[in-house]
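Report on one structure; see the data block that follows.
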Amino acid sequence: MSAWRVRRPGPIDNNPLERVTTDVPRPAPSELLVAVRACGVCRTDLHVTEGDLPVHRDRVTPGHEVVGEVVEVGADAGDRFGVGDRVGIAWLRHTCGVCRYCRRGDENLCPESRYTGWDADGGYAEFTTVPAAFAHHLPGGYSDSELAPLLCAGIIGYRSLLRADLPPAGRLGLYGFGGSAHITAQVALAQGAEVHVMTRGAEARELALALGVASAQGAADPPPVRLDSAILFAPVGDLVLPALEALDRGGTLAIAGIHLSDIPVLNYQRHLFQERQLRSVTSNTRADARAFLEFAGRHHIKVTKPEYPLRQADRALSDLSAGRIAGAAVLLV
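Shown next, in the form of structure tokens:
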């Protein structure tokens with residue numbers, strides 16, 4: 069089979085992925101073997117590829133928004149999936165199940181957690197494996213390429229919305245408007261929120277307005293109203309300050325990314341006083357994933373998805389790095 073691997077972490081334009089021909093992986097007894105049909109291109113893939121995140125697996129195959137078909141079921145993988153089923157593979161791949169975090173329902177904080185496309189080979193390949201306990205049933209009414217971005221961009225946006233503590237009919241600000249934000253905006257709008265977008269790209273602002281947000285302006289520009297909640301999707305620490313300044317009293321800013329550039333010095337009175345809160349978001353739980361995918365089954369989400377053949381994985385990552393993608397890019401296998 070063909071797969072694309074991180075040869076040497078660094079800027080994608082100077083350190084392209086390496087295409088390899090290798091054996092189809094054999095699933096462990098608890099795993100499924102999946103023929104990949106589509107794989108989303110997430111900014112976390114770019115962080116793994118460019119070395120923003122530490123190396124967890126040498127020469128890893130990126131990709132953790134995987135939609136495919138089950139072609140083999142391990143002997144101990146249970147009966148949740150059968151051969152021929154459509155299946156989703158997301159970022160979270162393993163947790164211990166016994167630590168204090170797992171026992172209280174916070175498996176995203178498990179010290180033994182493992183991740184698709186970082187600790188184990190992911191979906192930039194023709195085949196991959198997944199523990200059956202961490203595979204996802206997918207809602208109907210979507211194509212494979214529409215579903216792929218839901219498996220991380222959608223799930224992490226959904227968890228970020230929960231972490232942002234948006235009140236009913238509240239005012240939500242989204243900083244950055246890529247794959248995750250354009251899905252999260254639709255979730256918030258369906259829940260009755262008033263959404264305001266701050267992002268650098270004119271095309272992204274046009275997409276936001278087309279989806280029904282109340283306003284769209286530059287990344288560091290103030291929104292026209294005070295915000296009850298905000299989510300920072302762009303991995304830009306400099307935006308933390310204007311996002312906090314835009315919050316109303318008692319407002320919450322959630323930082324959605326796994327990587328963020330340095331945050332400038334905060335002024336307590338200007339940025340945090342009046343019970344403003346700053347929160348991080350770490351991965352997601354399987355319960356988050358199930359809840360979001362069920363929501364997506366009830367409310368059809370319009371996924372803007374520039375498509376690339378798998379052989380153009382480098383181009384997709386380069387376009388993502390340069391801000392040339394509106395929505396969420398998808399590799400087709």
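Be aware that the sequence shown starts at 69, since it is given in the working numbering, and climbs by one per residue. Every residue gets a Cβ at the ideal spot worked out from N, C-alpha and C, and that includes glycine. Just so you know, these numbers come straight off a predicted model, no measurement behind them.
Item	Value
8 Å Cβ cutoff met for T197 and P95	yes
Assigned exposure category for K370 - 16 Cβ within 10 Å defines buried	exposed
Exposed unless 16 or more other CB atoms sit within 10 angstroms - verdict on L361	buried
Cα-Cα separation, H205 to Y336	45 Å
Residue burial classification, R105 (beta-carbon count within 10 angstroms, cutoff 16)	buried
Cα-Cα separation, V102 to V139	6 Å
Contact the segment 203-218 vs the segment 148-159: 3+ CB pairs below 8 Å	yes
Under 8 Å between C-beta atoms of A143 and R161	no
Whether M266 touches Q254 by CB criterion (8 Å)	no
Residue nearest to R366 in terms of C-alpha spacing, selected from P207, P179 and G173	P207
For I323, the residue or residues it bridges with in DSSP	L300 and S348
Cβ pair A298, Y243 closer than 8 Å	yes
Integer Cβ distance of G391 from R268, believed to fall under 8 Å	7 Å
One or two residues paired with L230 in a DSSP bridge	Paired residue(s): none; L230 is not in a bridge.
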